[in-house]
Structure formats: C-alpha cells, structure tokens
Amino acid sequence: MNDNELISTRLGGKDFFKTSYYKFEKFSQIKKQYLKQAPYPILDFGIGESDQMPPIAVLDELTKQAYIYENRVYADNGIEPFKAAAKKHLKEIYQIDCDKQHLAINHVIGAKSALCIIPFAFVSDEDVVICTTPGYQVLPTMAKWLKGKIYEVPLTKQNQYLPNLESIPVEIYQKTKIFLVNYPNSPTGAIATKEFYAQLLKKAKQYGFLIVNDCVYGPLTYHTEPLSIFSIPDSENYCIEVHSLSKAFNMTGFRIGFMVANEKLMHILKEVKDNMDSGQYIPIQYAAMKAFENESHTLPQLKGHYYRRLTQVAAILNKHHLYCKVPEATFYLYVQVPSTFKTAEDFALYLLYQAGIYTIPWDEAEPAVRFAMTYSIQTTEHDFLVELDRRLSHLSFFEKKE
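Take the sequence shown: its position 18, counted from the start at 1, is 677 in the working numbering, and no numbers get skipped.
Structure (structure tokens):
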C-alpha cells in the first residue's frame, strides 16, 4: 500500500502534501538549500523568533522550580498561581479586570496549541470560519480539516489593514461560527481600534458567531496603549482571546501562553484541551510568572530595541525604493513588492539568491514581503545595517517613486 493512501481524506488523502505545506516550513527549506552554496552570510529577516534570551530572572526561576519534587507531575489545565499572574498581566497591560468581567484564564502550550483547540471545540461540518489574509493559517487549517468552510477577507493598505466587514455577504455571516482576527497584526504591523472591535462585536451579536483574537503581539505597540478586545463592553459574551509569552518576553521555545474567555466558553475549551495535551511543564509556568513580574522593566527595553531596528531598517529599504512605513506594532516591516515582479514569492527568491537577504513573502492580498526585526548579528548592529545597505545598492530593479 502507498503510504499516502493511508492519509485521512479529511486531510486531503493522497493530495495532502500538495496542499498542506506550511508557508514558513517551505521557505525554511529554501533557505537551507541556499545555505549549502551561499557565497556570503545570509541576512536573515525571516521567522519572527527573538534574537535575545529571556531575562536572567526567568531562567533562574525555571532552574529553581525544576528541582522541586512536586513540579515533576502532569500540569493538566495549569496551576492556579499562573492564572492569577496572567490576570494581573491583563490588568497591568490592558486594564482588563477579569473578575469584574467574569473572564476565565487557562494556560496553553503556546498560542499555536490554542488555535488548534478552539476549532475542535466549536466548528462543525459546513460551519464557516472567517479569517483575514494574509495571516497565520493554523486555526483555518484545523477548521478545514474538521470540514468547516473558510472565507478569507483581504487586508489591504487602503483599509488600514483592517477587514472590510461590509464586504462580507449576509449568507456567509449567517453560516459563520468563528471570525478570526489577529491584532496587533502579522505580517502588516497594523493595530485594531476600539471602533473596529465595536463594529465586529455588533456583527457577532447580530449573527451569533464567536470572535477569536490572536493577540500574541499584544504588548508590542509603539504609539498607542495595548488594546484587548475585552476592552469593548459585552465582549466577554462573544470573544476568545489568545495570548503568548513568545513575542513580548523572548520565550519562543518555552511554549507558554493562555486563553481568555468567559467561564462557560472556557469550560468547553478546558475539556477539549484535556483530551489533547497534559499541560505545559510546571516550572515553565513559574518562569512565565517571573516574566510577568518583571514586565514593567523588560517590556520598555524590548520595545525600544525593536523600534530602533524598525526605524533603521525602514530608512535603508526606503532609500533603495523598497517602500514601507514603521508599523504601529509588532516587529515586522511589511514591504511593497516592486511592480517588476509578478509575485511576492518571486521577489523573495530574488532577494535571497541575488543578495542573500531572507524574507517571508505574502501574495494573499497585495504582493509584499515581511522583514522581521528579530535578526541575529555576528558583528555589530552598525556593520549589519551597512551590509544590508551595500547589498541592496547592487540590485538594479527598483523603480523610483514618482
């Protein structure tokens, strides 16, 4: 028997590998092939994985807790001290009072885990999941595998990278179970406003669907205060929000985050999660608590680090007619593709093979490439930027702005 014949038809059967390739994995493989014959070191603006270590206090706490006998056991749905610390974090960063709003918290093994759990809890055959594009495809992929239907709404510069809610047909809304948004947004760096969330909540009330906000970049805003969807009155009856320590606390590999929802929704999510994993290692939960404890000191430092890079790299890119703006949030520059290229993927491959500059392409709405400011440097920041400037100066396809 051909191994591909064993694959569930729900996943696409024998065509699974033709349609399921995870974007970041695809370009990771391309990068590996390039590195085998690279003429010079790569300038890696690819995956949004921090170049910095977590704070020393976090690592010390992890070590200390790992030696405690009681912490060796299954964590299941998490320890109460972590939930309390996450509640305090929401109050400090977003001014959300979980007790007053009757919101519950449950830890997850990273946001990716949460985005897999949520559709298992709520999506039935033929249910519609609305999602924005470009975007992180984990929840839509899971929903599709559960025989849900995906409806994509493009994020465009003209609409400030917010979905046009009025462009969605009524018949789609009537079948919708989940509307997935991601603000602050990857890859565009856009933020949502209270006005947008209020409009989306109005639609949720009208048609009876759940809003899921993937809020993993939540604290990383530069000109405005961080915003949770739970800042909107009555949102607790229609919303689930996913948070993570990967992006804002340099804890990517720790795989720790949490979901926020009202108590009834969380009861459902916890039951599903119980059947999917046994919880994150308890010492990692304590390490995350230490990260929250020190956030008033560490977050301003990290935001300053990324904002400086965003500003410096944007200046170099614009100098070479790669047009972009410093974003309102996240650590990404979302860069227009020159009109001389048909697709963003073509442009990303050109940058890689002609200049050793590694980016992630997005063709789903408007052709653009994403530059992540999480790059590691082997020399100095100044030398890295000089090298970026030098390599771009040798490329001749850029059109001058009229």
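Positions of the beta carbon are idealized from the N, C-alpha and C atoms, including for glycine.
- Asp933 sits exposed, since fewer than 16 C-beta atoms from the chains shown fall within 10 Å of its C-beta.
- Take Ala716, set aside five residues on each side of it, and the residues of its chain with a beta-carbon closer than 7 Å to its own are Lys949 and Asn953, in chain order.
- In the three-state scheme derived from DSSP, where H, G and I count as helix and E and B as strand, Cys983 is classed as coil.
- Residue pairing for Glu900: DSSP places it in a beta bridge opposite Asn872 and Val919.
- Below 8 Å, too few C-beta pairs join the segment 666-678 and the segment 989-996 to call them touching: fewer than three.
- Residue range Ala1003 to Ala1014 is occupied by the alpha helix (DSSP H) that includes Ala1007.
- Gln939 and His956 have their C-alpha atoms spaced approximately 26 Å apart.
- Distances from the CA of Glu708 to each of Met1032, Pro885, Ile1036 and Ser1052 were compared; the closest alpha carbon is that of Met1032.
- In this structure, Val985 sits away from Leu961, with a CB-CB distance that is not shorter than 8 Å.
- In terms of Cβ geometry, Ala763 and Asn663 do not form a close pair [threshold 8 Å].
- By the CB criterion at 8 Å, Val871 and Ile831 fall outside the cutoff.
- In this structure, Trp804 sits away from Leu924, with a CB-CB distance that is not shorter than 8 Å.
- With contacts defined by Cβ atoms closer than 8 Å, Asn823 and Tyr795 do not form a contacting pair.
- Rounded to the nearest whole angstrom, the CA to CA distance from Leu1047 to Leu702 is 8 Å.
- Between the segment 744-751 and the segment 770-781, the count of Cβ pairs shorter than 8 Å is below three; the stretches do not touch.
- Boundaries of the alpha helix (DSSP H) around Pro778: Ala770 to Phe781.
- Shown here, His766 sits in a strand according to DSSP, grouped into three states.
- Counting along the chain, no beta strand (DSSP E) covers Pro713, and no H or E run does either.
- Between Leu798 and Ala946, the beta carbon gap of about 27 Å keeps them out of contact (Cβ cut-off 8 Å).
- DSSP places Arg731 in the helix class (H, G or I) of the three-state scheme.
- Your pair Phe868 and Leu821 does not check out as a contact, with CB atoms roughly 18 Å apart and the cut at 8 Å.
- Ile888 and His761 have their C-alpha atoms roughly 15 Å apart.
- A contact is defined here as three or more CB-CB pairs under 8 Å, and the segment 905-918 fails this definition with respect to the segment 691-700.
- For Lys746, the CB contacts under 7 Å within the same chain, skipping 5 residues up- and downstream, are Cys757 and Ile764 in chain order.
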